[in-house]
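**Q**
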Amino acid sequence: MQTLSQFLTHQKTDTNLVDLIDTLMVACKEIAIQLREGALAGVLGTTENTNVQGETQKKLDVIANDVLKKVMLDNPLVAGIASEEEDHPVAGNEEGRYLIIFDPLDGSSNIDVNVSVGTIFSILELPKGLTGADEKAYLQTGRAQVASGYVLYGPSAVLTLTTGSGVNMFTLAHTGDFLLTEENVTIPADTKEFSINMSNQRFWEPQMQNYIADLLQGSEGPRGKNYNMRWVASMVAEVHRVLTRGGIFSYPWDNRDPNKPGKLRLMYEGNPMGLLIEQASGKASTCYENILDIEPDHIHQRVSVALGSRNEVTSALEYHAGNE
Ligand code: AHG
Ligand code: MN
Ligand code: MN
Ligand code: MN
């Protein structure tokens, strides 16, 4: 079986990028160890802090962020990092070439109930004339990402990675190596599975309400199929399911806070997942435009998300057409 480094080298990936991804995995292995220890290490529960997103931080949000921040900033290739858990970007090496953006722990509301969580990451090149401390340096479209991926901490720890030419999955072995277990992941174009937090239904736009209402009518309704529903409340787990067997995942705009165009964050969640989905022949949209085409104007900006099986996402978009 091929290790992650062997696979990337074989793919002729830039050696600096291989080094960077290896460093990211050093951090993710440390996070995996802390997660596995759970209550034994006293890492469960919440802190008294609120992050810049307005969320109460879990202890493990802080631990995962600190691990990633320290390990990545120690790598001389890193010009700076930006994180869901940091108010502002943090500068790294002045000579560094890359910017690393991460959601240290995704799905952290699941921590205390021992359900799957993950780490999401996005890698950009530092634009000329800017430093890793400049927020502007990070405000690049999703298409500019040189790599993105996540590590799902589930029954096994799985890295899902794209460097811009397909999507591959690597499982963490007891030796500490990530070994190639799924090559050229492709999302089926059609599906009978959807994933959305139904408790927010009354807050959605009528277009999304109509789309989901039609799915719920099953084989008797306009879609002519019986749909199944799943909601883990960890985007990493939902995207992993979509990449593995197809489906549509959405966290749409809702009117609970009209100033926020969705719950999920463009830079930490939308863009890295959007690149993986597109690279696996799926579709990633806000319901009105491709996520990867958005010109970001704020490092913590939110985005509405509908992603997954190409034909199903296209159907969802048809309900929204004409409402731009
Ligand atoms: P995070 O834990 O990084 O803040 O992200 C949580 C996100 C995402 O993982 C998930 O899809 C969604 O929030 C769950 O939201 P609900 O609590 O509304 O189900
Ligand atoms: Mn959070
Ligand atoms: Mn998240
Ligand atoms: Mn998070």
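Residue numbers are given in my numbering: position 65 of the sequence shown equals residue 52, and the series is strictly consecutive.
Idealized CB from N, CA, C, for every residue including glycine.
Can you check the stretch 97 to 163 for any alpha helix (DSSP H) of at least 4 residues that lies completely inside it and give the ranges in chain order?
**A** Counting only runs of 4 or more, we get 122 to 125.
**Q** Considering only their Cβ atoms, is the gap separating G79 from L60 smaller than 7 Å?
**A** The answer is yes: Cβ separation under 7 Å.
**Q** Under a three-way DSSP split, which group does P193 fall into?
**A** Of the three classes helix, strand and coil, the one that applies to P193 here is helix, per DSSP.
**Q** With distances taken between CB atoms, is the gap from I199 to V300 smaller than 7 Å?
**A** Cβ distance not < 7 Å, so I199 and V300 don't count as in contact.
**Q** Mind checking which residues open and close the alpha helix (DSSP H) that includes I20?
**A** It spans 2 to 24 - the alpha helix (DSSP H) in which I20 sits, taken as one unbroken run.
**Q** Could you check whether the stretch 241 to 248 touches the stretch 287 to 297, counting it as contact only if at least three pairs of C-beta atoms, one from each stretch, sit closer than 8 Å?
**A** Contact between the stretch 241 to 248 and the stretch 287 to 297 is present, because at least three Cβ pairs lie under 8 Å.
**Q** Helix, strand or coil for I68, going by three-state DSSP, please let me know.
**A** Three-state DSSP puts I68 in a strand.
**Q** Is it the case that the Cβ atoms of Y125 and A51 are separated by a distance below 7 Å?
**A** Contact flag unset, no.
**Q** Do Y255 and E71 count as a contact pair if the criterion is CB distance below 7 Å?
**A** Yes, they are a contact pair.
**Q** Using beta-carbon positions only, say whether G116 and G67 come within less than 7 Å of one another.
**A** Their beta carbons are not under 7 Å apart, which means G116 does not touch G67 by this criterion.
**Q** Could you tell me the distance, in whole angstroms, from the CA atom of N62 to the CA atom of N101?
**A** Cα to Cα, N62 sits roughly 32 Å from N101.
**Q** Have a look at the DSSP bridge pairing and note the partners of T34.
**A** DSSP, once it has assigned bridges, lists no residue as partnering T34.
**Q** For ligand 4, is there any heavy atom lying closer than 6 Å to the beta carbon of D90?
**A** Yes, the beta carbon of D90 sits closer than 6 Å to at least one heavy atom of ligand 4.
**Q** Would you say the beta carbon of D121 comes nearer than 6 Å to a heavy atom of ligand 1?
**A** No, the beta carbon of D121 sits no closer than 6 Å to any heavy atom of ligand 1.
**Q** I'd like the span of the beta strand (DSSP E) that includes Y85, first residue to last.
**A** Looking at the DSSP string, the run of the beta strand (DSSP E) that includes Y85 is 85 to 93.
**Q** Just tell me which of L86, K46, G261 has its CA closest to the CA of V65.
**A** Ranking the options by Cα distance to V65, first place goes to L86.
**Q** Please name the residue or residues paired with A39 in a DSSP beta bridge.
**A** According to the sequence displayed, residue 39 carries Val and not Ala. Paired residue(s): none; V39 is not in a bridge.
**Q** Compute the distance between the beta-carbons of M222 and D93, then report whether it is under 7 Å.
**A** A contact, by the Cβ cut-off of 7 Å.
**Q** Three or more beta-carbon pairs under 8 Å between the stretch 198 to 215 and the stretch 142 to 157, yes or no?
**A** Touching, no, given that fewer than three Cβ pairs across the two stretches are closer than 8 Å.
**Q** The alpha helix (DSSP H) spanning E73 covers which residue range?
**A** Per DSSP, E73 belongs to no alpha helix (DSSP H) and is neither H nor E.
**Q** Looking at the unbroken beta strand (DSSP E) that takes in S272, where does it start and where does it end?
**A** 270 to 272 is the extent of the beta strand (DSSP E) around S272.
**Q** Kindly confirm or deny that the stretch 257 to 276 and the stretch 122 to 138 touch, where touching means at least three C-beta pairs closer than 8 Å.
**A** Touching, yes.
**Q** Go to L294, then tell me how far its beta strand (DSSP E) extends in each direction, as first and last residue.
**A** Looking at the DSSP string, the run of the beta strand (DSSP E) that includes L294 is 292 to 295.
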